[in-house]
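Worksheet: one structure, shown below.
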Amino acid sequence: MTERTCFTYKGIPLPTMGYSEESLSYMENEFQLLDDDVVTVSYPKSGTNWMLEILGLIWHDGDPSWVQSVLMFDRSPWIETDDGLNIALNYPPPRFLTTHLPFQLFPKSFLHSKCKIIYVMRNPKDVLVSHYHFAKFFQPLEEPGTMEEFVEKFLNGNVIFGSWFDHVKGWMKMKNRPNVFFISYEELHQDLRGSVKRICYFLGKELDSHQLDEVVKYASFQIMKDNKMSNFSQIPEEYMNHKKGKFMRKGKSRAEEKWHGCL
5 MTERTCFTYK GIPLPTMGYS EESLSYMENE FQLLDDDVVT VSYPKSGTNW
55 MLEILGLIWH DGDPSWVQSV LMFDRSPWIE TDDGLNIALN YPPPRFLTTH
105 LPFQLFPKSF LHSKCKIIYV MRNPKDVLVS HYHFAKFFQP LEEPGTMEEF
155 VEKFLNGNVI FGSWFDHVKG WMKMKNRPNV FFISYEELHQ DLRGSVKRIC
205 YFLGKELDSH QLDEVVKYAS FQIMKDNKMS NFSQIPEEYM NHKKGKFMRK
255 GKSRAEEKWH GCL
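As structure tokens, then:
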């Protein structure tokens, strides 16, 4: 990574575009998490946007109107970004928030809050491949090079948001807190309906059978891929070169596709 595309905040590499030390410091030290906040936390390319779609559908009883009319960034802003932090500060409760930050940079107010945290994790090999393809068209990042070169960067934590291993390990220390819920991308794939029921239980949200069916239906990969509010097609070209690739590529887990042979 180069200084042109990234900077380091307390040891964690972050994109220069859309992020600043001022916002990160405010978010870490002064931002107040509210008891009715729901925060989706993940390492990049772990199924974050899928979870945001699921949560939006759950909260609206399976009705897709909200997720199909409001941009994902406005529904659940990334609190570590300059724009996302401003949206969150003006967001009426209950708030849906999102972050890729490791635990050590998360708002300190969390330790005194009853806000609910949903941590989404994914097989690191799938994260790596998805991240590699993403870096090819996400403008704030430099070209990833060959897959072999990117594997080396990933294993050494020389990618945005640092080491996958440290990220997961840091958040796993919170797993016994009653307001923290862990779920994997693979679990969502294997049993989406069952996973939605577990998420509902954690949130204290009751859905009937029809509403559950609607959540599962509208959270499917194909419908999300066609939803312009969720598929990142509305992101300006200065951030994403849509000619080089699509944000929603395959939506598969490692068990469903062959591997590259370099791992």
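The sequence shown: position 222 = 226 (this note's numbering), numbered continuously. Glycine included, each C-beta is placed from N, C-alpha and C at the ideal position.
beta-carbon residue i near the ligand GTP non-hydrogen atom, thresh 7 Å
i, result
"F185", "This structure lacks the ligand GTP; in fact it carries no ligand of any kind."
Residue environment, residue i, which counts as buried when at least 16 other CB atoms sit within 10 Å
i, result
"Y205", "exposed"
"F158", "buried"
"P96", "exposed"
"H214", "exposed"
"H116", "exposed"
"R126", "buried"
"F114", "buried"
"T102", "buried"
"W70", "exposed"
"G15", "exposed"
"G149", "exposed"
"N53", "buried"
"K118", "exposed"
"Y23", "buried"
"P182", "exposed"
"E152", "exposed"
Residue range of the unbroken beta strand (DSSP E) whose run includes residue i
i, result
"F11", "10 to 13"
Extent of the continuous alpha helix (DSSP H) to which residue i belongs
i, result
"F169", "168 to 176"
"F225", "225 to 230"
"I203", "196 to 207"
"V155", "151 to 159"
"I62", "52 to 63"
"D217", "213 to 222"
Selected residue, minimal CA-CA separation from residue i, among the options
i, options, result
"L18", "V155, S50, G66, T85", "T85"
"E191", "F185, S199, L207", "S199"
"D65", "S234, Q226, D212", "D212"
"R44", "E57, E32, K221, E34", "One detail in the question is off: residue 44 reads as Thr in this sequence, not Arg. The shortest C-alpha separation from T44 is found at E57."
"K179", "P111, I121, L105, L109", "I121"
"S27", "L89, L61, S80", "L89"
"R197", "V42, E218, R181", "E218"
"D39", "T9, L61, Y23, F100", "F100"
"V155", "E32, P128, Q36, F35", "P128"
"Q36", "F225, N94, D87", "N94"
"V220", "G22, I203, S24, H135", "I203"
"S29", "G174, S234, L105", "L105"
"L59", "K49, P48, Y47, D41", "D41"
"D130", "D195, S24, Y13, Y189", "Y189"
"F138", "I164, V124, Y123", "I164"
"V133", "P48, M233, A223", "P48"
"D230", "Y13, H135, Q72, F169", "Q72"
"W168", "H135, P81, I187", "H135"
"F110", "D195, Y222, H171, Q226", "H171"
"K63", "F186, L207, Q226", "Going by the sequence as given, residue 63 is Trp instead of Lys. That would be L207, whose Cα lies nearest to the Cα of W63."
"D78", "I91, Q226, M176", "I91"
Residue i (DSSP reduced to helix, strand or coil)
i, result
"T44", "strand"
"L75", "coil"
"L38", "coil"
"S234", "coil"
"L18", "strand"
"S188", "strand"
"Y23", "coil"
"N183", "coil"
"C266", "Residue placement at C266 is flagged as unreliable, the pLDDT there being 45, under the threshold of 50; the coordinate-derived value follows with that caveat. If DSSP states are grouped into helix, strand and coil, C266 belongs with coil."
"D140", "In the sequence as displayed, the identity of residue 140 is Lys instead of Asp. If DSSP states are grouped into helix, strand and coil, K140 belongs with the helices."
"G69", "According to the sequence provided, residue 69 is Ser. The question's Gly does not apply to it. Looking at S69 - three-state DSSP - the assignment turns out to be coil, as it is neither helix nor strand."
"S29", "helix"
8 Å Cβ cutoff, residue i in contact with chain C
i, result
"V133", "Checking the listed chains, one finds no chain C in this structure; it contains a single protein chain."
> Quick one: complete beta strand (DSSP E) runs, 3+ long, within the stretch 83 to 135?
Replying inline: 100 to 103, 120 to 125
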